[in-house]
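Novice: For reference, the structure I am asking about is given below.
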Amino acid sequence: MMRILLFLATNVAIMIAISIIFSIFGLQGALDAQGVNLNIEGLLAMSAVIGMTGSVISLFMSKWSAKSSMGVHVIERPQNQTEQWLISVVERQARQAGIGMPEVGIFDAPEANAFATGANRNNALVAVSTGLLRSMNADEVEAVVGHEISHVANGDMVTMALMQGVVNTFVYFFATIIGYVVDRVIFKTERGYGPAYYVTQMVAQIALSILASMLVMWFSRYREFRADAGGANLAGRQKMIGALRALQRAHEPAELPGELAAFGINGGGVQRLFMSHPPLEERIAALQNMR
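For the sequence shown, our numbering gives the first residue as 836, with consecutive numbering after it.
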């Protein structure tokens, strides 16, 4: 809750700062002089509602969405020795990390993968793939679980969702201003909204979203290094290195869908600026240099 309040306060502070900047530099007057009569404060508030709503809803639906989309079987009563062992590992590491016991699940996938999700660090879900259980030994699986537990303990799900919401807010805000300027100044629309507004606003949203996603993905990569370090602390550095090397041997596992990608163990991605995870060799090097 404190993290949510902090990000909301940050969002409000940035909105106030933008409003002050527009006022100090006379940007509002310049827009008015060009016939772009925008209520900047009202637009900021509307942008915040539009930008944050989707991210917050996605966050609170994340566990349900993960279970549905990935076909996660939640272990309520262990049916075999593997499930019992997995439950005991998660329970021990959750206690070490100071979080509530997450739900533990297994999803059917040939690739070695895992993820953590949930809106609350004391009510999360940690799931591993059948491929991971088949391809990794017990020490490596333990390290992967430690990585996911660290995501939960660090509050990464909440942080990423709220960061995406803040980014969405300002993408919509600036795209709307660009759309208004083009429509009123270039195409001389005097009343209402001309076609140029809608086309320009849509194109600007796409362009700004691409730029903003670079920032979000940079933050996601930073979080991966922290989760690796957390996994090393919970399971042991050599186990964490071994798990990442096992992923290398598997030739980089497949990407998880949608919002789960930022909280998986994989190292996928084609272009570095849009990668949710750093390359595996960089993650291994960071662990080897960790003191």
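The beta carbon of each residue, even a glycine, is placed where N, CA and C say it ideally should be.
I'd like to confirm something about Gly-889: is its beta-carbon nearer than 7 Å to some heavy atom of the ligand ZN, or not?
Specialist: Questions concerning the ligand ZN fall outside what the structure shown contains, since it holds no ligand whatsoever.
Novice: For the beta strand (DSSP E) that Gly-940 lies in, which residues bound it at each end?
Specialist: Here residue 940 refers to the residue found at position 105 when the sequence shown is read from its first residue. Note, Gly-940: beta strand (DSSP E), 938 to 942.
Novice: Would Pro-1030 be called buried (16 or more neighbouring beta carbons within 10 Å of its own) or exposed?
Specialist: Residue mapping note: residue 1030 aligns to position 195 of the sequence shown, counting from 1. Within 10 angstroms of the beta-carbon of Pro-1030 lie fewer than 16 other beta-carbons, which makes it exposed.
Novice: Is the beta carbon of Ala-932 sitting closer than 8 Å to the one on Ala-949?
Specialist: As a first step, residue 932 must be located in the sequence shown, where it is residue number 97. As a first step, residue 949 must be located in the sequence shown, where it is residue number 114. Not closer than 8 Å, so no.
Novice: Are any of the Cβ atoms in chain B nearer than 8 Å to that of Gln-1040?
Specialist: Of the protein chains in the structure, only one exists, and it is not chain B.
Novice: For the structure I just gave you, are there three or more beta carbon pairs, one from the region 1061 to 1068 and one from the region 975 to 989, closer than 8 Å?
Specialist: yes
Novice: Can you tell me whether Ser-882 is helix, strand or coil according to DSSP?
Specialist: Locating residue 882 in the sequence shown gives position 47, counting from the first residue. DSSP places Ser-882 in helix when its eight states are reduced to three.
Novice: Out of curiosity, what's the CA-to-CA distance linking Tyr-1057 and Met-995?
Specialist: Translated into positions along the sequence shown, residue 1057 becomes position 222. Translated into positions along the sequence shown, residue 995 becomes position 160. If I take the Cα positions, the gap works out to 11 Å.
Novice: Within this structure, are the beta carbons of Met-1125 and Ala-978 separated by less than 8 Å?
Specialist: Reading the sequence shown from its first residue, position 290 is the one you call residue 1125. Reading the sequence shown from its first residue, position 143 is the one you call residue 978. Not closer than 8 Å, so no.
Novice: Val-993 to Leu-960, Cα distance in whole Å?
Specialist: Indexing the sequence shown from 1 puts residue 993 at position 158. Indexing the sequence shown from 1 puts residue 960 at position 125. When rounded, the distance between both Cα atoms is 13 Å.
Novice: If we require 4 or more residues per run, which alpha helix (DSSP H) segments fall completely within the region 987 to 1059?
Specialist: 991 to 1016
Novice: Determine the DSSP secondary structure at Pro-1088, reduced to helix, strand or coil.
Specialist: Residue 1088 sits at position 253 when you count from the first residue of the sequence shown. Below a pLDDT of 50, predicted positions are generally treated as unreliable, and Pro-1088, at 48, falls in that range; no measurement from the model is reported.
Novice: If I follow the unbroken beta strand (DSSP E) through Ala-951, where does it start and stop?
Specialist: Along the sequence shown, read from residue 1 onward, the residue named residue 951 stands at position 116. It spans 949 to 952 - the beta strand (DSSP E) in which Ala-951 sits, taken as one unbroken run.
Novice: Sorted by chain position, which residues of the same chain lie with C-beta nearer than 8 Å to Arg-927's C-beta, five sequence neighbours on each side aside?
Specialist: Position 92 of the sequence shown, counted from the start, is the residue given in the question as residue 927. Excluding residues within five positions, none has a Cβ falling inside 8 Å.
Novice: List the endpoints of the continuous beta strand (DSSP E) containing Ser-964.
Specialist: Taking the sequence shown and counting its residues from 1, one reaches residue 964 at position 129. From DSSP, the beta strand (DSSP E) with Ser-964 extends over 960 to 964.
Novice: Let me confirm a value: Val-939 is counted as buried when at least 16 other C-beta atoms fall within 10 Å, else exposed. Which label applies?
Specialist: Position 104 of the sequence shown, counted from the first residue, corresponds to residue 939. Per the 10 Å Cβ criterion, buried.
Novice: Roughly how many whole angstroms lie between the Cα atoms of Arg-1118 and Leu-1079?
Specialist: One-based indexing of the sequence shown puts residue 1118 at position 283. One-based indexing of the sequence shown puts residue 1079 at position 244. Taking the Cα positions, Arg-1118 is about 8 Å away from Leu-1079.
Novice: Could you compute how far the alpha carbon of Ala-954 sits from the alpha carbon of Asp-1018?
Specialist: For the purposes of this step, residue 954 is taken as the residue at position 119 of the sequence shown. For the purposes of this step, residue 1018 is taken as the residue at position 183 of the sequence shown. Taking the straight line from one Cα to the other gives about 41 Å.
Novice: Please report the straight-line C-alpha distance between Glu-911 and Ala-973, rounded to a whole angstrom.
Specialist: Position 76 of the sequence shown, counting from 1, holds the residue named residue 911. Position 138 of the sequence shown, counting from 1, holds the residue named residue 973. Going by the C-alpha atoms only, they are around 21 Å apart.
Novice: Assuming Gln-931 is part of the alpha helix (DSSP H), what are its boundary residues?
Specialist: As a first step, residue 931 must be located in the sequence shown, where it is residue number 96. Unbroken alpha helix (DSSP H) run through Gln-931: 916 to 932.
Novice: Excluding the 5 residues preceding and the 5 following Ile-922 in the sequence, name in chain order all residues of the same chain whose CB lies nearer than 8 Å to its CB.
Specialist: On the sequence shown, position 87 is the one that residue 922 refers to. Here Ile-922 has Ile-910, Pro-913, Val-939 as same chain residues with Cβ atoms under 8 Å from its own Cβ, once five neighbours each way along the sequence are excluded.
Novice: Helix, strand or coil for Val-847, going by three-state DSSP, please let me know.
Specialist: The residue given as residue 847 occupies position 12 in the sequence shown. It is helical.
Novice: With DSSP collapsed to three states, give me the class of Ala-852.
Specialist: In the sequence shown, the residue the question calls residue 852 occupies position 17. The answer is helix: DSSP assigns Ala-852 an H, G or I state.
Novice: Express the C-alpha separation of Asn-915 and Ile-853 in angstroms, rounding to a whole number.
Specialist: If you number the sequence shown from 1, residue 853 lands on position 18. If you number the sequence shown from 1, residue 915 lands on position 80. In a straight line, the C-alpha of Ile-853 is about 57 Å away from that of Asn-915.
Novice: May I have the straight-line CA-CA distance separating Ala-848 from Phe-942, to the nearest angstrom?
Specialist: The sequence position of residue 848 within the sequence shown is 13, counting from 1. The sequence position of residue 942 within the sequence shown is 107, counting from 1. For Ala-848 and Phe-942, the distance between alpha carbons rounds to 41 Å.
Novice: By Cβ distance below 8 Å, which residues in the same chain neighbour Gln-1040 in space, the five residues on each side in sequence not counted?
Specialist: Translated into positions along the sequence shown, residue 1040 becomes position 205. Here Gln-1040 has Val-1006, Tyr-1007, Ala-1010 as same chain residues with Cβ atoms under 8 Å from its own Cβ, once five neighbours each way along the sequence are excluded.
Novice: Reducing DSSP to helix, strand and coil, say where Val-907 ends up.
Specialist: Taking the first residue of the sequence shown as position 1, residue 907 is located at position 72. In the structure shown, Val-907 sits in coil (DSSP, three-state: anything other than H, G, I, E or B).
Novice: Spatial neighbours of Asn-958 within its chain, please: C-beta separation below 7 Å, excluding the five flanking residues on both sides.
Specialist: For the purposes of this step, residue 958 is taken as residue 123 along the sequence shown, with counting starting at 1. Within the same chain, Asn-958 has close Cβ partners Gly-935.
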